[in-house]
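Just add 2 to the spot in the sequence shown (first one is 1) and you have the numbering used here. Even for Gly, the Cβ is constructed at its ideal location relative to N, Cα and C. None of the values given here were measured: they were computed from a predicted structure.
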Amino acid sequence: MASIQLVIVPTPLPFRFDRNLQDVSRIHISGLTGHTFVDKVAANARHVEDRELVTIQGEVDRVYVDVQTPEIRVDDGVGGGYVVRKTGVRDTVVWNIGAEKARTMADMGDNDWPHYICVEVGSVGELVLLGRGETWTGGQTITAL
3 MASIQLVIVP
13 TPLPFRFDRN
23 LQDVSRIHIS
33 GLTGHTFVDK
43 VAANARHVED
53 RELVTIQGEV
63 DRVYVDVQTP
73 EIRVDDGVGG
83 GYVVRKTGVR
93 DTVVWNIGAE
103 KARTMADMGD
113 NDWPHYICVE
123 VGSVGELVLL
133 GRGETWTGGQ
143 TITAL
């Protein structure tokens, strides 16, 4: 039997899941209405999401803070998509690198940015710090539609 040592370093990183799409401009994300988000593209400006269906038209990097919605639904615009359900985590990240920054990433082709979206959960706005003997459980369940 093999043994594994798990070392966790506290960082503000979410649980990562990128989804391949036909066209990111066709997607609709629901479950974020009324939640405050930090817009990392716009110098960390804070806004409240007023749209029922969030759409993507280029670079986006948002942290929706303290999202109490139990699930976030991503409709891919062509009859599919997925649902993200979270447990023990507070925040939801919506990210697409956009055309300009895609050219600077070694692991992404110049024309790949319109074909993916990253909607992920995590405790990004506030780290979860544990003392000796304390436990924390967090996660996400992704269901394809």
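If you count every other CB in all the chains shown that lies within 10 Å of the CB of residue i, and 16 or more means buried, which is it?
i, result
"Gln70", "exposed"
"Gln24", "exposed"
"Gly33", "buried"
"Arg64", "buried"
"Pro16", "Note that Pro16 scores a pLDDT of 49, beneath 50, so its modelled location is shaky and nothing firm can be said."
Starting from residue i, follow the beta strand (DSSP E) in both directions and report where the run begins and ends.
i, result
"Ile74", "73-77"
"Lys88", "83-89"
"Arg48", "47-50"
"Ser32", "30-32"
"Arg64", "62-66"
With distances taken between CB atoms, is the gap from residue i to residue j smaller than 8 Å?
i, j, result
"Val67", "His37", "yes"
"Val43", "Ile119", "no"
"Gly100", "Gly60", "yes"
"Leu131", "Tyr84", "no"
Can you list, in chain order, the stretches of the beta strand (DSSP E) that have 3 or more residues and sit fully within the stretch 92-123? 93-98
Meets three-Cβ-pair contact criterion under 8 Å: the stretch 77-84 and the stretch 95-104: no
Cβ pair count under 8 Å reaching 3, the stretch 120-129 against the stretch 88-99: yes
Tell me, please, whether the stretch 134-141 touches the stretch 48-60 by the rule of three or more beta-carbon pairs shorter than 8 Å. no
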